[in-house]
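Plus 199 on top of the position in the sequence shown (first one is 1) and you've got the numbering used here.
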Amino acid sequence: MSSSELHNPDPVLRYEALEALRRSPAEAPAAAALLEDPVPNVREQASRVLKAAGTREAARQVATIISSSNISARNLAGETLKKMGHVAVPELLPYLTHEDNDVRKFAIDVLARLPARIYAPKIAEALDDPDANVRLAAIEALGELKATNYADELKKRYEAEPSSRPNIVQALGAFQRPEDLPFFEQALLDENPVVQLTAAEALASIDVPETLDLLVHHRTSVNSIARSVMVDAVVSIVKREPARATELPASLHVNLVAMLDDPDPRYQKAAIEGLTFFVKDGALTALLQCTGRSDEQDLLIFRAISDADEPFEAILKATDRGDLGGNTAATFALGLLGQAQSPGPHWPAIGELLIDQFHNLDVDTQLTALNVCASIGHPALTPVVEKARAHPLPDIRSIAEDVSSSFPSIAATPSTP
Numbered sequence: 200m201s202s203s204e205l206h207n208p209d210p211v212l213r214y215e216a217l218e219a220l221r222r223s224p225a226e227a228p229a230a231a232a233l234l235e236d237p238v239p240n241v242r243e244q245a246s247r248v249l250k251a252a253g254t255r256e257a258a259r260q261v262a263t264i265i266s267s268s269n270i271s272a273r274n275l276a277g278e279t280l281k282k283m284g285h286v287a288v289p290e291l292l293p294y295l296t297h298e299d300n301d302v303r304k305f306a307i308d309v310l311a312r313l314p315a316r317i318y319a320p321k322i323a324e325a326l327d328d329p330d331a332n333v334r335l336a337a338i339e340a341l342g343e344l345k346a347t348n349y350a351d352e353l354k355k356r357y358e359a360e361p362s363s364r365p366n367i368v369q370a371l372g373a374f375q376r377p378e379d380l381p382f383f384e385q386a387l388l389d390e391n392p393v394v395q396l397t398a399a400e401a402l403a404s405i406d407v408p409e410t411l412d413l414l415v416h417h418r419t420s421v422n423s424i425a426r427s428v429m430v431d432a433v434v435s436i437v438k439r440e441p442a443r444a445t446e447l448p449a450s451l452h453v454n455l456v457a458m459l460d461d462p463d464p465r466y467q468k469a470a471i472e473g474l475t476f477f478v479k480d481g482a483l484t485a486l487l488q489c490t491g492r493s494d495e496q497d498l499l500i501f502r503a504i505s506d507a508d509e510p511f512e513a514i515l516k517a518t519d520r521g522d523l524g525g526n527t528a529a530t531f532a533l534g535l536l537g538q539a540q541s542p543g544p545h546w547p548a549i550g551e552l553l554i555d556q557f558h559n560l561d562v563d564t565q566l567t568a569l570n571v572c573a574s575i576g577h578p579a580l581t582p583v584v585e586k587a588r589a590h591p592l593p594d595i596r597s598i599a600e601d602v603s604s605s606f607p608s609i610a611a612t613p614s615t616p
């Protein structure tokens, strides 16, 4: 099919003409014009053809589209250039001095996602661009390209250009350099909450021993959003280095409890994990109030309970207060029993809990309960087995009959169908 069909009024024929170009890389640059085609499938096919060609000429023709007034075409051209890789870099450089502010910014944005670090000096020239958005794009691009030799220049602009501070902090954060810790500490004290948040995120990404001290020390002086980021980072560090849990101040417990109600599930999870460091200091009450949100969080809470000094007592008290649903309480109790933990003086209450909730448990958990009864054989579990012998499901009744042999008081008693 002739490339002249690229301009055929029929979109099907245009699409087929593009398909033919896939077999002729030398002619593929002609497909760039169809990045502005009104038909989405044709535009996407043109992009695929150009990416497959991967030549400097194809990249040059695609780059012309970034000055298009058609936003969809311009964005598609940008994505196509990013996927073309290194061949696209030199073809974008001329657009750094384009007369249109938006084109200059767009060229910088695309270069930031390409292997263009060698051209960081050209991008850095835009730090003095008359347009604020272009200047911000240059700052962010230097960060994404890891152009660390511009770190000092960016720090100077932090003082001179307050409106650029979030972008500067983000760029320096991308470098992940321990020597920038004092800078991020300064940024945490900035009055702008966005700067604080960005600094907190930057600190969280720098894995050196000093980071934990900074996060813990400054967590109370930042806005609540930044505090969640910092506390989350503290938890991540201590999870990696459990021995450092001894460095955590008791006051962190308050921040973790507050973060249990964070709207972001990520921070809720971090709060639960963080409170496990304080589980022997009274954190169980707050944790048990948060059950039922998700299976993942319930599992984390159960693991915390497993390490507590009096887990059964905590479960029973939380159930009495209404903080813990009976079904979850029974499931947690079974989990503890399965770990060979003993309720001690709370055996009668745990037995009553399991009896009351047995029919509310799903079948798998009921089977688990019977296995626990069989392995322990404690008299407080006798009524659980008796209840299971009258279960409406034959499989449960059958297993309960087998388990009853471990309980002399009911072994000779006929079951109720």
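Where a beta carbon is used, it is the ideal one built from N, C-alpha and C, also for glycine.
*Decide if V453 is buried, meaning its Cβ has at least 16 other Cβ atoms within 10 Å, or exposed.*
Result: exposed.
*With distances taken from CA atoms, which of P314, A216, K304 is nearest G284?*
From the listed residues P314, A216, K304, the smallest Cα separation to G284 is found for P314.
_Nearest to R273 (by Cα), restricted to the options E256, V288, D308, V286_ = Checked all of E256, V288, D308, V286; the closest Cα to R273 is D308.
*Under three-state DSSP, which class holds S435?*
In the three-state DSSP reduction, S435 falls in the helix class (H, G or I).
*Note down the Cα distance separating A543 from A599, rounded to an integer number of angstroms.*
First, the amino acid is wrong: residue 543 is Gly here, not Ala. One alpha carbon belongs to G543, the other to A599, and they sit about 25 angstroms apart.
*asked:* According to DSSP, simplified to helix, strand and coil, what is P237?
replied: Three-state result, P237: coil.
*So what does DSSP say about D389, is it helix, strand or coil?*
Of the three classes helix, strand and coil, the one that applies to D389 here is coil, per DSSP.
_Using 8 angstroms as the cut-off, can you tell me whether the region 441 to 453 makes contact with the region 390 to 407, which would need three or more C-beta pairs spanning the two stretches below that distance?_
Verdict: no, contact absent.
*In whole angstroms, what separates the C-alpha of L205 from that of E384?*
The alpha-carbon atoms of L205 and E384 are separated by roughly 58 angstroms.
*For L396, I'd like the list of residues in its chain whose CB is within less than 6 angstroms of its CB, leaving aside the five on either flank, ordered along the chain.*
I424, A425, listed in sequence order.
*Nearest to T410 by CA position, among H297, E390, V428, P377, is which residue?*
Of H297, E390, V428, P377, the residue nearest in Cα terms is P377.
*Grab me the residues of I367's own chain with a C-beta within less than 7 angstroms of its C-beta, minus the 5 sequence neighbours each way, in chain order.*
Correct list, in chain order: I338, L353, R356, Y357.
_Contiguous alpha helix (DSSP H) assignments of at least 4 residues, all confined to the region 313 to 355_ = 319 to 323, 331 to 343, all fully within the region 313 to 355.
*Whose C-beta lies closer than 8 angstroms to the C-beta of E495 among residues of the same chain, with five residues either side of it excluded?*
Short of 8 angstroms from the beta carbon of E495, and not among the five residues preceding or following it, lie these beta carbons of its own chain, in chain order: K468.
_So, does the region 456 to 474 touch the region 507 to 522, judging by three or more C-beta pairs under 8 angstroms?_
A contact is defined here as three or more CB-CB pairs under 8 angstroms, and the region 456 to 474 fails this definition with respect to the region 507 to 522.
_For a test of the three-state rule: what should DSSP assign to E495, helix, strand or coil?_
In the three-state scheme derived from DSSP, where H, G and I count as helix and E and B as strand, E495 is classed as helix.
*By the 10 Å Cβ neighbour count, where 16 or more other Cβ atoms means buried, how is R334 classified, buried or exposed?*
Per the 10 Å Cβ criterion, buried.
*With N570 as the anchor, note down where its alpha helix (DSSP H) starts and where it stops.*
Looking at the DSSP string, the run of the alpha helix (DSSP H) that includes N570 is 562 to 575.
*asked:* Rounded to whole angstroms, what is the Cα-Cα separation between T484 and R588?
replied: If I take the Cα positions, the gap works out to 35 angstroms.
_Candidates L344, D463, P392, P365, of which the one nearest F374 by Cα_ = With distances taken between Cα atoms, F374 lies closest to L344.
*Since I believe D379 is in contact with L371 (beta carbons under 8 angstroms), could you give me their beta-carbon distance rounded to a whole number of angstroms?*
The C-beta distance from L371 to D379 rounds to 5 angstroms, short enough to fall under 8 angstroms.
*Three-state secondary structure (DSSP) at P462?*
Coil.
*Put N422 into one of helix, strand or coil per three-state DSSP.*
Coil.
*Mark A359 as exposed unless 16 or more other C-beta atoms lie within 10 angstroms of its C-beta, in which case mark it buried.*
Flag for A359 reads exposed.
*Exposed or buried, what is E324 when buried is set at 16 or more other beta-carbons lying within 10 Å of its beta-carbon?*
Residue environment for E324: exposed (fewer than 16 other C-beta atoms within 10 angstroms of its C-beta).
_On the CB-based measure, 16 or more other CB atoms within 10 Å of its CB, does D506 come out buried or exposed?_
D506 comes out exposed.
_DSSP state of G524 mapped onto helix, strand, coil_ = Coil, per DSSP.
*Local conformation of P542 per DSSP, three classes*: P542: coil per DSSP, three-state reduction.
*Range covered by the alpha helix (DSSP H) that runs through H416*: 408 to 417 is the extent of the alpha helix (DSSP H) around H416.
*Drop a sphere of 10 angstroms on the beta-carbon of T419, count the other beta-carbons inside from all chains shown, and report buried for 16 or more, exposed for fewer.*
Classification for T419: exposed.
_Nearest-angstrom Cα separation, counted from N391 out to F501_ = One C-alpha to the other measures close to 39 angstroms.
*Just the C-alpha distance for T296 and M458, rounded to the nearest angstrom, thanks.*
Looking at the two C-alpha atoms, the distance is approximately 48 angstroms.
*Using the Cα positions of Y214 and V428, report the straight-line distance between them to the nearest angstrom.*
So the alpha carbons of these two residues sit roughly 48 angstroms apart.
*So, helix, strand or coil for T581, using DSSP?*
In the structure shown, T581 sits in a helix (DSSP, three-state: H, G or I).
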